[in-house]
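Each position in the sequence shown, counted from 1, maps to that position plus 2 in the numbering used here.
Backbone N, C-alpha and C define an ideal beta-carbon position, used for all residues, glycine too.
This one's a predicted model, so the numbers in the text were calculated from it and none came from an experiment.
Here the structure is laid out as structure tokens; the discussion comes afterwards.
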Amino acid sequence: MNSPEVVVFDLGKVFVDFDWNTAARKIAAHCALQHTEISERCLTASVFQQFETGLVDSETFYKEIKSLIEYQENFEQFAIDFGDIFTPIPAMIDLNRKLRAQAIPTYIFSNTNPISIDYIRQQFAFFAEFTDYVFSYEHKAMKPHASLYKVVEKVTGSQGHDILFVDDNYDNVQAGIDLGWLAVQHGSPQTTHSALAKYYAI
Ligand SMILES: [Mg+2]
Numbered sequence: 003m004n005s006p007e008v009v010v011f012d013l014g015k016v017f018v019d020f021d022w023n024t025a026a027r028k029i030a031a032h033c034a035l036q037h038t039e040i041s042e043r044c045l046t047a048s049v050f051q052q053f054e055t056g057l058v059d060s061e062t063f064y065k066e067i068k069s070l071i072e073y074q075e076n077f078e079q080f081a082i083d084f085g086d087i088f089t090p091i092p093a094m095i096d097l098n099r100k101l102r103a104q105a106i107p108t109y110i111f112s113n114t115n116p117i118s119i120d121y122i123r124q125q126f127a128f129f130a131e132f133t134d135y136v137f138s139y140e141h142k143a144m145k146p147h148a149s150l151y152k153v154v155e156k157v158t159g160s161q162g163h164d165i166l167f168v169d170d171n172y173d174n175v176q177a178g179i180d181l182g183w184l185a186v187q188h189g190s191p192q193t194t195h196s197a198l199a200k201y202y203a204i
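Spelled out as structure tokens, the structure:
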């Protein structure tokens, strides 16, 4: 069987676990609202999606959230409260290393924002171990919009069955399949390992 030239991975819930409620709890220490109210107001705010689509920068996002929930601290503290919510998933980091050891190019393809990425880059060495990165906020589009998948095809130089895509979100996976990519819906490191072992000696 021909192996796909490249493997494209989602980040959240694939290489790092996270829960926005963790951020809401940290933020609650610096404002008068309960964390549940903070989650409700922030996650439903249009500025959140604008942030991950790159339509507003970190400073603007901070100012909008600050007024939305009357957050009391400066931007530096906010970046910690908002960014420090990720836990690496060792079995997936190991899987990426096995692919890279065989000279398979691997990519991160994520709906995300600069505060989260700055935090992850600073804290987790494994994040440097990919060939390249496609972040929603750098291209003004989010998965599952096809335009962002076209960026991946350009960055990887591959398309169709030469791209193997791994993402935990069904709609994101489906959008890849619609473009002719091979795709795996990530459930656990074990099931994704088995799926990739059909193509690579890992
Ligand atoms: Mg995900």
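Just the C-alpha distance for residue i and residue j, rounded to the nearest angstrom, thanks.
| i | j | result |
| --- | --- | --- |
| I29 | D164 | 43 Å |
| F17 | G182 | 24 Å |
| S190 | E42 | 28 Å |
| A153 | D86 | The question names Ala, but residue 153 in the sequence shown is Val. Whole-angstrom Cα-Cα distance: 28 Å. |
| F53 | H195 | 33 Å |
| T114 | F137 | 6 Å |
| F11 | F111 | 6 Å |
| T24 | F50 | 16 Å |
| G159 | D134 | 12 Å |
| N174 | A199 | 22 Å |
| L13 | A34 | 32 Å |
| Q124 | E131 | 13 Å |
| N4 | T38 | 49 Å |
| A246 | D59 | An answer regarding residue 246 cannot be provided, because it is not within the stretch 3 to 204 covered by the chain. |
| F128 | K15 | 15 Å |
Is DSSP giving residue i helix, strand or coil here?
| i | result |
| --- | --- |
| F53 | helix |
| Y135 | strand |
| A185 | strand |
| G159 | coil |
| L2 | Residue 2 lies beyond the stretch modelled for the chain, which goes from 3 to 204, so this question has no answer here. |
| V154 | helix |
| D21 | coil |
| V58 | coil |
| V175 | helix |
Would you say the beta carbon of residue i comes nearer than 8 Å to a heavy atom of ligand 1?
| i | result |
| --- | --- |
| D21 | no |
| D173 | no |
| V16 | yes |
| L13 | yes |
| D170 | yes |
Please determine, among the options, the residue with the shortest C-alpha to C-alpha distance to residue i.
| i | options | result |
| --- | --- | --- |
| S48 | H188, T62, D19 | T62 |
| A197 | Y73, P92, L97, G14 | L97 |
| F77 | H32, Q36, L57, A93 | H32 |
| A26 | V9, K156, Q124, C44 | C44 |
| G56 | I119, S69, Q36, F80 | I119 |
| F20 | V58, I122, T108 | I122 |
| A93 | A203, Y202, T193 | T193 |
| P2 | V168, Q176, Y172 | What the structure shows of the chain is the stretch from 3 to 204, and residue 2 is not part of that stretch, so it cannot be assessed. |
| D180 | D170, H147, V157, Y201 | H147 |
| V8 | G162, P116, Q176 | G162 |
| I117 | K145, A105, D83 | D83 |
| S149 | A177, D170, N171 | A177 |
| V157 | T108, A203, N171 | T108 |
| Q36 | I71, T46, K65 | I71 |
| I204 | Q79, K68, I95 | I95 |
Requested in this report: For the segment 76-127, list the beta strand (DSSP E) runs that are entirely contained and at least 3 residues long, ordered along the chain.
Outcome: Taking only runs of at least 3 residues, the beta strand (DSSP E) segments lying wholly in the segment 76-127 are 88-90, 108-112.
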